[in-house]
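Asks: Numbered by the working numbering, the letters in the sequence shown go through residues 602 to 1015 in order. Virtual Cβ for every residue (Gly too), placed ideally from N, Cα, C. Once you've had a glance at the structure underneath, I'll fire off some questions.
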Amino acid sequence: MTIISRRHARIASLGFFALCLAALPVLLPLASPFPVRADDGVFGPARTYDKGELRYVEGVPVIILRGSPEERGRQEGSFSLNIAAGMLNAPRKLLDLMEYPGGWDAFLEKSRPYLARIPDHQRREIEGMVAMGKGRVGYEDIAAANVIPDLYRSFACSSLVVLPEKSDDGKLRFGRNLDFFSVGALDRLSVVKVYLPDDGKLRFASIGFPGMVGCLSGINEAGLALAVHEVHLSSDGSPIVAQDAMPYTMMLREVLETCRNVDEAAELLRASARSTRLSIVTADPRRAQAVEFTPTNLAVREAEDGILACTNHFRTPELRSLTWCLRYPRLREAADRPRVSRADVMTKLHEVNMRFLTVQSMVFEPEDRQLYLALGSPPVTGGPYRHVDLSPWLVRAGELSEAAKPVLQPAGSR
């Protein structure tokens, strides 16, 4: 058995995951200003604002954002800015409780090199969102919240991709658990955001949280899906954090906005400045890859035996270091089946859940732009997985289908 090194333990102990665990008994009574599940009223009733819309699909809140970056920002601000502002209380309280030197203001200062590299259209989107708050929340607060994943690392997340030749119906399936400490709030605030830009960028859907402009998990109109997995150890000697890059969630959003297949995604990631160590699983309707990278190097891992599994360790010869992980072999067991169904993927995701950390679980079916999403109280992998048909927005066939068009109501109506 491989022994975890002191260096590994020290790095992990400095991460956000460990800080949150230490603060658990104190944070739970403090950081839950929201009602129960998302479909119980956190986002309010279905409604429209300008070109945007909030609707519910099998109880899942779906925000459809249309138009220019400023318009999309104002639409999201109308639907969720109050929630995003409330979410900022959790990291502030965490930093205070851990006596982080300088608290939120010091964290904000540390995040500024990343803020300077936010892509222009994403910056304008945040500005539009903040404009709806009329001074209640600032641009830097929302922008810095998008940097938290770069600076404070959790240590979980799992993915399992089944290629068409291994699938029971010939369709690629991409299962993914998002494991992150909820701080008493995130598990209640999952939302699907569908972006329909007017600037020539690809349409895409992001499964995230209010105020998160970047992407942790998503799929675009070409059927390219992706999910991020944080990594702590690498054999290449690279720094774990580099400040000469945009926030990584925003880089992943650019992948969905511009790339149509796994090869294009890998090339964009190779050409980009990278802020930290990550494994990005990408899948299009036919293929899947794990793009493993550090700030200085990148390597690509292909599927084996009809499946691709990924957790939180590099496995390419160029970058691999410590690879001991109980979840990885459990996911690889799917290769022993003659055929793997959607239900089988969900079962494997449940087998590797991280208990109170597993705040989202999903299965993408890229060919048809389908999403099956489990959310609510962790671990969510016990289900139900709710079916969200993204094809009305992500499949171009002339105009949008009638199902995807907003209900005509006065702007801002409730």
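What span of residues does the beta strand (DSSP E) with R774 cover, start to end?
Replies: Here residue 774 refers to the residue found at position 173 when the sequence shown is read from its first residue. It spans 774-780 - the beta strand (DSSP E) in which R774 sits, taken as one unbroken run.
Asks: Taking the alpha helix (DSSP H) that A707 belongs to, which residues open and close that run?
Replies: Position 106 of the sequence shown, counted from the first residue, corresponds to residue 707. A707 -> alpha helix (DSSP H) spans 704-716.
Asks: Hey, out of E934, V842, P967, S942, whose CA is closest to D885's CA?
Replies: The count along the sequence shown starts at 1 and reaches residue 885 at position 284. The shortest Cα separation from D885 among E934, V842, P967, S942 belongs to P967.
Asks: I'd like the span of the beta strand (DSSP E) that includes T883, first residue to last.
Replies: Sequence index remark: in the sequence shown, residue 883 carries index 282 (1-based). Element bounds for T883: 879-884.
Asks: Of the residues A874, L869, S962, which one's Cα is nearest the Cα of A846?
Replies: For the purposes of this step, residue 846 is taken as the residue at position 245 of the sequence shown. Comparing Cα positions, the closest option is A874.
Asks: Let me know the secondary structure DSSP gives L972 once reduced to three states.
Replies: Position 371 of the sequence shown, counted from the first residue, corresponds to residue 972. Three-state result, L972: strand.
Asks: For S902, which residues in the same chain have their Cβ closer than 7 Å to its Cβ, ignoring the five residues on either side in sequence?
Replies: Taking the first residue of the sequence shown as 1, we reach residue 902 at position 301. A small fix is needed here, since residue 902 is Arg in this sequence, not Ser. Cβ within range, chain order: Q890, A891, E893, R916, T917.
Asks: Going by alpha carbons, who is nearest to G678 out of K735, A691, L689?
Replies: In the sequence shown, residue 678 corresponds to position 77, counting from 1. Considering only alpha carbons, the answer is K735.
Asks: Within its chain, find whatever has a CB closer than 8 Å to the CB of S839; leave out the 5 residues flanking it on each side and keep chain order.
Replies: Taking the first residue of the sequence shown as position 1, residue 839 is located at position 238. Taken in chain order, the residues that qualify are R878, T895, P896, T897, N898.
Asks: Assign D751 to buried or exposed, taking buried as 16 or more other Cβ atoms, counted over all protein chains shown, within 10 Å of its Cβ.
Replies: Sequence index remark: in the sequence shown, residue 751 carries index 150 (1-based). That one is buried.
Asks: Are the segment 754-766 and the segment 706-719 touching, with three or more C-beta to C-beta distances below 8 Å?
Replies: The segment 754-766, when compared against the segment 706-719, does not touch it at the 8 Å Cβ threshold.
Asks: Apart from the five residues on each side of it in sequence, which residues of its chain come closer than 6 Å, Cβ to Cβ, to A866?
Replies: Taking the first residue of the sequence shown as 1, we reach residue 866 at position 265. Cβ neighbours of A866 beyond the five flanking positions: V856, C860, T883.
Asks: Go ahead and pull the three-state DSSP assignment for Y986.
Replies: By 1-based counting over the sequence shown, the position of residue 986 is 385. Here Y986 sits in coil by DSSP.
Asks: Classify A843 as helix, strand or coil using the three-state DSSP reduction.
Replies: One-based indexing of the sequence shown puts residue 843 at position 242. In the structure shown, A843 sits in coil (DSSP, three-state: anything other than H, G, I, E or B).
Asks: In the DSSP assignment, find the unbroken alpha helix (DSSP H) run with Y701 in it and report its ends.
Replies: In the sequence shown, counting from the first residue as 1, residue 701 sits at position 100. First-last for Y701: undefined, no H or E at that position.
Asks: If you follow the alpha helix (DSSP H) that F805 is part of, which residue opens it and which one closes it?
Replies: Your numbering for residue 805 matches position 204 in the sequence shown. No alpha helix (DSSP H) contains F805, which is instead part of the beta strand (DSSP E) from 805-809.
Asks: So, helix, strand or coil for F957, using DSSP?
Replies: Walking along the sequence shown from the start, residue 957 turns up at place 356. If DSSP states are grouped into helix, strand and coil, F957 belongs with the helices.
Asks: What would DSSP say about S669, mapped onto helix, strand or coil?
Replies: Working through the sequence shown from its first residue, we reach residue 669 at position 68. S669 falls in the coil class under three-state DSSP.
Asks: Starting from the Cα of L991, find the closest Cα among Y650, S783, F805, A843 and give me that residue.
Replies: Against the sequence shown, residue 991 aligns to sequence position 390. Residue F805 is the option with its Cα nearest to L991.
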